[in-house]
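Everything below concerns the one structure shown next.
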Amino acid sequence: MGLFTVEEARDELAELLPVLDEIVALRADAAELAAAVQLNGPPTGLGGLPELKAAQARLDELMTTVQETGAELKSLAPLLIDFPADLDGVPVLLCWLEGDRALNWYHRTDLGFAGRRRLAQDDAVSRATLEHD
Numbered sequence: 002m003g004l005f006t007v008e009e010a011r012d013e014l015a016e017l018l019p020v021l022d023e024i025v026a027l028r029a030d031a032a033e034l035a036a037a038v039q040l041n042g043p044p045t046g047l048g049g050l051p052e053l054k055a056a057q058a059r060l061d062e063l064m065t066t067v068q069e070t071g072a073e074l075k076s077l078a079p080l081l082i083d084f085p086a087d088l089d090g091v092p093v094l095l096c097w098l099e100g101d102r103a104l105n106w107y108h109r110t111d112l113g114f115a116g117r118r119r120l121a122q123d124d125a126v127s128r129a130t131l132e133h134d
């Protein structure tokens, strides 16, 4: 897949937010169900093994939906999504972290999350370029 511009990544994120919200909710349900189905696990009103399997299947579907956009699902807990991009000729990942409602961060691909920086609001769109396959 090609690279995203900042604007394209933000548009894609806006479309994905309902999916990402569902992933977060299902992740919590799956964790609770997984604990409940263990021997002597704490009871839950969410159900049992069939509900756990259904939650896991739905999580797989939702994660595939995210990845089919060209975004990279980096972590499930916390949910972390990266959009490959290029800023001023430097390969970067536009970075969205669970709890964010907008895409305002990036990091160089060679630095990872530790190198995360805030996108400059005034020039981020003009600095990002799209590379076609």
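In this note's numbering, the protein residues as written are 2 to 134.
Heads up, the beta-carbon is just placed ideally off N, CA and C, and yes, glycines get one too.
Predicted model only: the values in this text are computed from it and were never measured.
A55 versus D30, G3 and T65, residue with shortest Cα-Cα distance: The closest CA to that of A55, considering only D30, G3 and T65, is found on D30.
Nearest-angstrom beta carbon gap, E99 and P79 [assumed within contact, 8 Å]: 4 Å
Among R28, A26, E52 and V25, which has the Cα closest to the Cα of V38? E52
Could you give the DSSP three-state label for F84: helix, strand or coil? Strand at F84.
So, under 8 Å CB-CB, E23 and L63 are touching, yes? Tell me the CB distance rounded to an integer number of Å. 6 Å
Could you give the first and the last residue of the continuous alpha helix (DSSP H) run that contains E9? V7 to V38
If the criterion is Cβ atoms closer than 8 Å, does the pair L104 and T70 meet it? No, Cβ-Cβ distance for L104 and T70 is not below 8 Å.
If I follow the unbroken alpha helix (DSSP H) through R117, where does it start and stop? Neither: R117 is in no alpha helix (DSSP H) and is coded neither H nor E.
Looking only at its chain, what residues have a beta carbon closer than 7 Å to the beta carbon of Q68, apart from the 5 residues adjacent to it on each side? L74
Have a look at R102 and T66 and give me their C-alpha separation to the nearest angstrom. 19 Å
Compute the distance between the beta-carbons of R109 and V93, then report whether it is under 8 Å. Going by beta carbons, R109 and V93 fall inside the 8 Å limit.
Quick one: grab the DSSP three-state call for T130. Low per-residue confidence applies at T130: pLDDT is 42, beneath 50, and the placement is therefore not dependable, though the value from the model is reported in the following sentence. Collapsing the DSSP output to three states places T130 in coil.
Where in the stretch 52-84 do unbroken runs of the beta strand (DSSP E), each at least 3 residues long, occur, reported from the N-terminal end onward? Every beta strand (DSSP E) of 3 residues or more that sits fully in the stretch 52-84 is shown, in chain order, as 73-77.
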